[in-house]
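> Numbering-wise, the numbering used here comes out as the position in the sequence shown, counting from 1, plus 1399. Submitted below is the structure of interest, expressed as structure tokens.
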Amino acid sequence: MMEPSVQEPQGGIPPRPGRAGELSLAPAVPLDGTQAAPRQRLQTFLATVAPALGSRNFRLFWLGQTVSVVGTSVQVVAEGWLIYQLTQSTFWLGLVGLLALIPVVPISFLGGLLIDRVPRRKLILAGQVGLLAQAATFGLLATFGQIQLWHIIALYFVFGGILAIDHPARRAFLVELVEEKDWANAVALNATVFNLSSLVGYALAGFLIATLGAGGTMLFNAATYLAPIAALLMIRVADRPADRPAPAGAGNRGSLLTALLEGFRTLWQQPAVLAAMSLMAVVGGLAYPVFGLMPAFAEEVVQTDAVGLGLLLAAGALGSVVGTAAVARLGVHHRGRTLVWAGLLLPLLVAMFAWTRTLVLACLVLVLLGTALLILQSLAITLVQVNIPDRVRGRVMSLYSQLHAGSDTLGNVAIGGLAVYLGLPLALGLGAMLALIYAVGLRLALPALARLD
1400 MMEPSVQEPQ GGIPPRPGRA GELSLAPAVP LDGTQAAPRQ RLQTFLATVA PALGSRNFRL
1460 FWLGQTVSVV GTSVQVVAEG WLIYQLTQST FWLGLVGLLA LIPVVPISFL GGLLIDRVPR
1520 RKLILAGQVG LLAQAATFGL LATFGQIQLW HIIALYFVFG GILAIDHPAR RAFLVELVEE
1580 KDWANAVALN ATVFNLSSLV GYALAGFLIA TLGAGGTMLF NAATYLAPIA ALLMIRVADR
1640 PADRPAPAGA GNRGSLLTAL LEGFRTLWQQ PAVLAAMSLM AVVGGLAYPV FGLMPAFAEE
1700 VVQTDAVGLG LLLAAGALGS VVGTAAVARL GVHHRGRTLV WAGLLLPLLV AMFAWTRTLV
1760 LACLVLVLLG TALLILQSLA ITLVQVNIPD RVRGRVMSLY SQLHAGSDTL GNVAIGGLAV
1820 YLGLPLALGL GAMLALIYAV GLRLALPALA RLD
């Protein structure tokens, strides 16, 4: 396929050259002030808030993920609804989701090595095709009334196994799509699109289930995978593996165990990078229950309805948009110091949120909280990406993904369990206190973290 040429836009603003296949978002001098002014303002806005979108490859990837995340969110709701319709059991509703995590850990370790030794675009493309097939199978079984509980469990296993490779592969692939100076912005934009698309998907799911049924809803999700598949086919990268196994007789570097342990060894040799990951896991993991337990907080504490719950979640999503702009403004300077400050500020905002009792105040705090959480997570993964060699990036990103998902899940379980006995506000407050103690201790014990860049 020929690389599309960049056409001169209307309004007399010539495109500024960037890397091959890219269009600079930096504002140009308009030749026609009346027609060019809105376009120039848009370019200025994008150059300030979303410089990563200046890369054609990243734009394609980002737009494909936008559609796909909406579909995945719809799937989560439809699967839960279908499980409960089949079993009428909250036990199975929770257990089936837990079963999906079983294949994640063993597959993630091997998947990290695969990500480093197979071209990442092709690996992600294969994963998207697999997810499409899984969703289509689910949808067809439900549509024709043949779905049974064991089908759902088996398909959940497939879903979890593919995501165990797909998620870290996508994180590792970002560095091939944008320049290093835009890595943090690319991560932030990905997180933002996940939050906003999830909200759209959750809102859309109820309407789709009511009109199309669970089977039709799952088929809708299958169709959304066509967007990232098309985007990946249009993306132009080198398609070279980051690491190649050593040939036989070249020492033990090529052995499977040695290769798997190389990711651990790389992190162990860089304490500041390991500290950045731990700050994301502990502080971020103890902040996540604010969103994971939001339905209970909305009903029990703020005493609002489904509309109020939607406003609370939307406030957090707005915060992620603000965080994206903040990360873009930060650029490549003082990232370690900003990460430490975000790690100190986030627990204080969680504690403040825990003691809010009105919807308006809770929404205002959630905007700040969403901003701090987005900055923490974006800078943590960016500092890891910048400071590790590309040939082990897949293995390290697999470890990062496991740590991220595991800390969020454990945080939710721990705070939710405490809330049964202490009430949700006090449980959130205790979690915030532990997170603050850890952030302060890490800052004092490892000053090098603040110097990372």
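All C-beta atoms in this analysis are idealised placements derived from N, C-alpha and C, irrespective of residue type, glycine included.
How far does the alpha helix (DSSP H) with Lys1580 in it extend, from its first residue to its last?
Neither: Lys1580 is in no alpha helix (DSSP H) and is coded neither H nor E.
> Residues in the same chain with beta-carbon distance under 8 Å from Asp1565, minus the five sequence neighbours each way, listed in chain order, please.
Excluding residues within five positions, the ones whose Cβ falls inside 8 Å are Ile1523, Gly1526, Gln1527 and Leu1530.
> Put Pro1640 into one of helix, strand or coil per three-state DSSP.
Looking at Pro1640 - three-state DSSP - the assignment turns out to be coil, as it is neither helix nor strand.
> Using 8 Å as the threshold, is the C-beta distance between Thr1665 and Ile1787 below it?
Yes, these two residues count as a Cβ contact at 8 Å.
> Give the list of continuous alpha helix (DSSP H) stretches no shorter than 4 residues that lie fully inside the stretch 1771-1822.
Whole alpha helix (DSSP H) segments, 4+ residues: 1792-1821.
> Any idea if Arg1418 is buried or exposed, counting beta-carbon neighbours within 10 angstroms, 16 or more meaning buried?
Note that Arg1418 has pLDDT 42, beneath the 50 cutoff, so the model's placement of it is unreliable and no number is given.
> With DSSP collapsed to three states, give me the class of Pro1518.
Looking at Pro1518 - three-state DSSP - the assignment turns out to be coil, as it is neither helix nor strand.
> Grouping DSSP H, G and I as helix and E and B as strand, with all else coil, what is Ile1564?
DSSP places Ile1564 in helix when its eight states are reduced to three.
> For Leu1573, which option in Leu1631, Ala1626 and Ile1561 has the closest C-alpha, if you only look at C-alpha atoms?
Selected option, being the one with the closest Cα: Leu1631.
> Measuring CA to CA, which of Gly1715, Gly1662 and Ser1797 is closest to Leu1562?
Of the listed residues, the one whose Cα sits closest to Leu1562 is Ser1797.
> Should Tyr1820 be labelled buried (16 or more other beta-carbon atoms within 10 Å of its own) or exposed?
That one is exposed.
> May I ask you to report which of helix, strand or coil DSSP gives Thr1471?
Helix, per DSSP.
> Tell me whether the beta-carbon of Val1672 lies closer than 8 Å to the beta-carbon of Leu1775.
No; because the gap between Cβ atoms is not below 8 Å, this pair is not in contact.
> Under 8 Å, Cβ to Cβ, is there at least one residue of chain D near Arg1438?
In the displayed structure, chain D is absent; only one protein chain is listed.
> Which residues in the same chain have their Cβ closer than 8 Å to the Cβ of Pro1640, if we skip the five residues on either side of it in sequence?
The answer, listed in chain order, is Asp1515, Arg1516, Val1517 and Pro1518.
> Could you give the first and the last residue of the continuous alpha helix (DSSP H) run that contains Phe1690?
That run of the alpha helix (DSSP H) goes Pro1688 to Gly1691.
> Could you check the C-alpha separation between Gly1560 and Gly1511 for me, to the nearest Å?
C-alpha separation (whole angstroms): 13 Å.
> Helix, strand or coil for Ala1535? Go by DSSP, reduced to three states.
Looking at Ala1535 - three-state DSSP - the assignment turns out to be helix.
> Please work out which residues of its chain come closer than 6 Å, Cβ to Cβ, to Gly1707, disregarding the five sequence neighbours upstream and downstream, and give them in chain order.
Only Ala1697 and Leu1758 meet the Cβ criterion.
> Between which two residues does the alpha helix (DSSP H) carrying Phe1543 extend?
That residue, Phe1543, is in no alpha helix (DSSP H); it is neither H nor E in DSSP.
> In whole angstroms, what separates the C-alpha of Val1689 from that of Val1473?
If I take the Cα positions, the gap works out to 22 Å.
> Need the endpoints of the alpha helix (DSSP H) that Gly1628 sits in, please.
Sequence inspection shows Ile at residue 1628; the Gly mentioned does not correspond to that position. Leu1625 to Met1633 is the span of the alpha helix (DSSP H), which, as asked, contains Ile1628.
> So, for Ile1836: in the same chain, excluding its five sequence neighbours on each side, which residues have a beta-carbon less than 6 Å away from its beta-carbon?
Once the five neighbours on either side are set aside, Ile1836 has no close Cβ partner at all.
> So what's His1732 in DSSP terms, helix, strand or just coil?
Correct three-state label for His1732: coil.
> Given a cut-off of 8 Å, decide if Gly1769 and Leu1717 are closer than it, judged by their beta-carbon atoms.
Cβ atoms of Leu1717 and Gly1769: closer than 8 Å.
> Under the three-state reduction of DSSP, which class applies to Val1726: helix, strand or coil?
Reduced to three states, the DSSP call for Val1726 is helix.
> Pick helix, strand or coil for Val1448, following the three-state DSSP scheme.
Val1448 falls in the helix class under three-state DSSP.
> Thr1384 to Gln1487, Cα distance in whole Å?
This structure gives no information on residue 1384, because the portion of the chain shown stretches from 1400 to 1852.
> Given this structure, state the Cα-to-Cα distance separating Thr1723 from Leu1513, to the nearest angstrom.
Spanning the two alpha carbons is a distance of roughly 30 Å.
> Output needed for Val1795: all residues of its chain with C-beta closer than 7 Å, excluding positions within five of it in sequence on either side, in chain order.
Closer than 7 Å at Cβ, skipping near neighbours: Gly1662, Thr1665, Leu1666, Val1783 and Ile1787.
> Would you check if the stretch 1544-1557 and the stretch 1759-1766 touch, i.e. whether three or more CB-CB distances between them fall below 8 Å?
Contact fails: fewer than three Cβ-Cβ distances are below 8 Å.
> By how many angstroms is the C-alpha of Gly1709 removed from the C-alpha of Ser1467?
Approximately 21 Å between the Cα atoms of the pair.
> Which same chain residues end up closer than 8 Å to Leu1629 when comparing Cβ atoms and leaving out the 5 residues on each side of it in sequence?
Residue identity check: residue 1629 is Ala in the sequence provided, not Leu. Closer than 8 Å at the Cβ level, and outside the excluded window around Ala1629, lie Gly1463.
> Return the CA-CA distance between Ala1834 and Thr1781, expressed in angstroms with no decimal places.
When rounded, the distance between both Cα atoms is 21 Å.
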